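Visitor:
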Amino acid sequence: MVGADLPAVLAIEEATYHEPWTEGIFRDCLRMGYTGRVLEVAAGPGEGAGLAGYGLISAAAGECHILNLCTAPEQRGRGLGRLLLRALLAEGRLAGAEQAFLEVRPSNSAAVALYRAEGFETVGVREGYYPAVGGREDAWVLRRALI
Ligand SMILES: CC(C)(COP(=O)(O)OP(=O)(O)OC[C@H]1O[C@@H](n2cnc3c(N)ncnc32)[C@H](O)[C@@H]1OP(=O)(O)O)[C@@H](O)C(=O)NCCC(=O)NCCS
57 MVGADLPAVL AIEEATYHEP WTEGIFRDCL RMGYTGRVLE VAAGPGEGAG LAGYGLISAA
117 AGECHILNLC TAPEQRGRGL GRLLLRALLA EGRLAGAEQA FLEVRPSNSA AVALYRAEGF
177 ETVGVREGYY PAVGGREDAW VLRRALI
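Residue numbering for the sequence shown follows the working numbering, starting at 57 and increasing by one per position.
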């Protein structure tokens, strides 16, 4: 992910989340040296080429954290989220991480199913971590080993 990707990244982010990350948050992540990956699909019958998903990961002190993972709404259910997640975890391994962590809303059944299928287990709960319609929602903290 580079600055030139951000308009397409933000279009997906804003189509997905009630409280999307801003351009400034993405730029800060890149400035901090976090690794961002975008996934582009080639043009096919009935669809143009374009950015289909993205993710960000930070790594330090033997751990990595998935900060964001998202596929375009019209591209979901085609295996791209799994592909991106695996690419991010490969980046974490390259940076020397032995464990990966992430936070997810318990109500986000698609993401929870993806993470469980990829070997993540719940290791904690952050109460009221996320804003939610009519209040706050907990986050599950998920972890998996990378070695
Ligand atoms: C979560 C997300 C990244 C998954 O991306 P995707 O491209 O649809 O995922 P894939 O097609 O690679 O599916 C991988 C696995 O995820 C799970 N999954 C995906 N969509 C699902 C759904 N609607 N219901 C249940 N499980 C689902 C399945 O386990 C699936 O494996 P399978 O196809 O072998 O059954 C995508 O739904 C998304 O961007 N959601 C909005 C943003 C978000 O919630 N990000 C995660 C924040 S922690």
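Just so you know, even glycine gets a beta-carbon here, dropped at the ideal spot from N, CA and C. Please read these numbers as outputs of a predicted model, since none were measured by experiment.
1) Which first and last residues belong to the beta strand (DSSP E) in which residue 165 is found?
2) Counting only the same chain and skipping the five closest in sequence on each side, list residues whose C-beta sits under 8 Å from that of residue 153.
3) Heavy atom of ligand 1 less than 7 Å from the Cβ of residue 184, yes or no?
4) Thinking C-alpha only, which one of 183, 89 and 173 is nearest residue 147?
5) For the alpha helix (DSSP H) holding residue 143, just list the boundary residues, first then last.
6) Taking the Cβ atom as the reference point for each residue, do residue 171 and residue 198 lie within a distance shorter than 8 Å?
7) Do you know offhand how far residue 184's Cα is from residue 193's?
Guide: Quick answer:
1) That residue, residue 165, is in no beta strand (DSSP E); its alpha helix (DSSP H) goes 165 to 173.
2) 115, 118, 119, 120 and 202
3) no
4) Comparing Cα positions, the closest option is 89.
5) If you look at residue 143, you'll find it in the alpha helix (DSSP H) that goes 136 to 150.
6) yes
7) Cα-Cα distance, rounded: 5 Å.
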